[in-house]
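Input: a single structure, listed below in structure tokens.
Protein chains: 2
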Amino acid sequence: MIDDIWVSILGIIAAALVTSSFIPQIVKGYRTKHLDDVSYWLMITICIGMSLWIGYGIIKNDFVIIGANISTIILNMILVVMKFRYSK
Amino acid sequence: MIDDIWVSILGIIAAALVTSSFIPQIVKGYRTKHLDDVSYWLMITICIGMSLWIGYGIIKNDFVIIGANISTIILNMILVVMKFRYSK
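Protein sequence lines correspond, in order, to chains B and H.
Start counting the first sequence at 29; every next residue gets the next number (this note's numbering).
Start counting the second sequence at 29; every next residue gets the next number (this note's numbering).
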């Protein structure tokens, strides 16, 4: 039987990796000032999906799910604003 | 008390939205034949993170988590191959 604490740690690392994956995209966009090839729909659909995940996390009282999804939404909103500004 | 079935449905819709968010990015990339602005690290880190989620899903016996993450990894691998081919 695998200890619950290790399963939680696995979940936290998984959530942190998925969340942090948007950081290199932000850095790349900031450096090149170019986000034309990134789809608005990618970012918007992720934000809507992750808002539902937050609801799921609140009902299940799961702070890993809530925290990870709030962070990813914030990073995605930064990307949306950057793309909007660079596209002008 | 909210029924468990509705919570599961919320989770399934949330997972489906996050997974399907990569479809417009694939369509946009296919149309423009251009994915230069999309970061390899975005896709690679998401794949690693979601592989860990699959492990978490297997341990927790949660087929929504397993299915959603396998689908998202497949879509991300398609994007990686497209970006590699278009960058030649």
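The beta-carbon is built from N, C-alpha and C at its ideal position, and this holds for glycine as well.
Note that the structure is predicted; figures quoted are calculated from it, not measured.
Notebook entry, point to check: Counting only beta-carbon atoms, is B/K61 nearer than 8 Å to chain H?
Noted result: no
Next item on the list: Between the Cα of B/V92 and those of B/S49, B/L107, B/I76 and B/A43, spot the shortest distance and give me the residue it belongs to.
Entry: B/A43
Checklist line | Run of the alpha helix (DSSP H) containing H/L107, from where it starts to where it stops | finding: F91 to Y114
Margin query: Am I right that H/V46 and B/I74 are in contact with their C-beta atoms under 8 Å? What's the rounded C-beta distance?
Written below: 6 Å
Check: Closest by CA to B/T100, which one among B/K111, B/W34, B/I82 and B/S67?
Finding: B/I82
Next item on the list: Note down, in chain order, all residues in the stretch 33-50 of chain H with a beta-carbon under 7 Å from any beta-carbon belonging to chain B.
Entry: V35, L38, G39, I41, A42, L45, V46, S48, S49 and F50
Check: CA-CA distance, B/I98 and H/R113?
Finding: 34 Å
Margin query: Using a 10 Å radius around the Cβ and a threshold of 16 neighbouring Cβ atoms, would you call H/M105 buried or exposed?
Written below: exposed
Check: Looking at the structure shown, is H/S49 part of a helix, part of a strand, or coil, going by DSSP?
Finding: coil
Note to self: Looking at chain H, is there any beta carbon in it that lies within less than 8 Å of the beta carbon of B/G118?
What the structure shows: Residue 118 of chain B lies beyond the stretch modelled for chain B, which goes from 29 to 116, so this question has no answer here.
Checklist line | CA nearest to the CA of H/Y68, picked from B/G77, B/S79, B/Y68 and B/S49 | finding: B/S49
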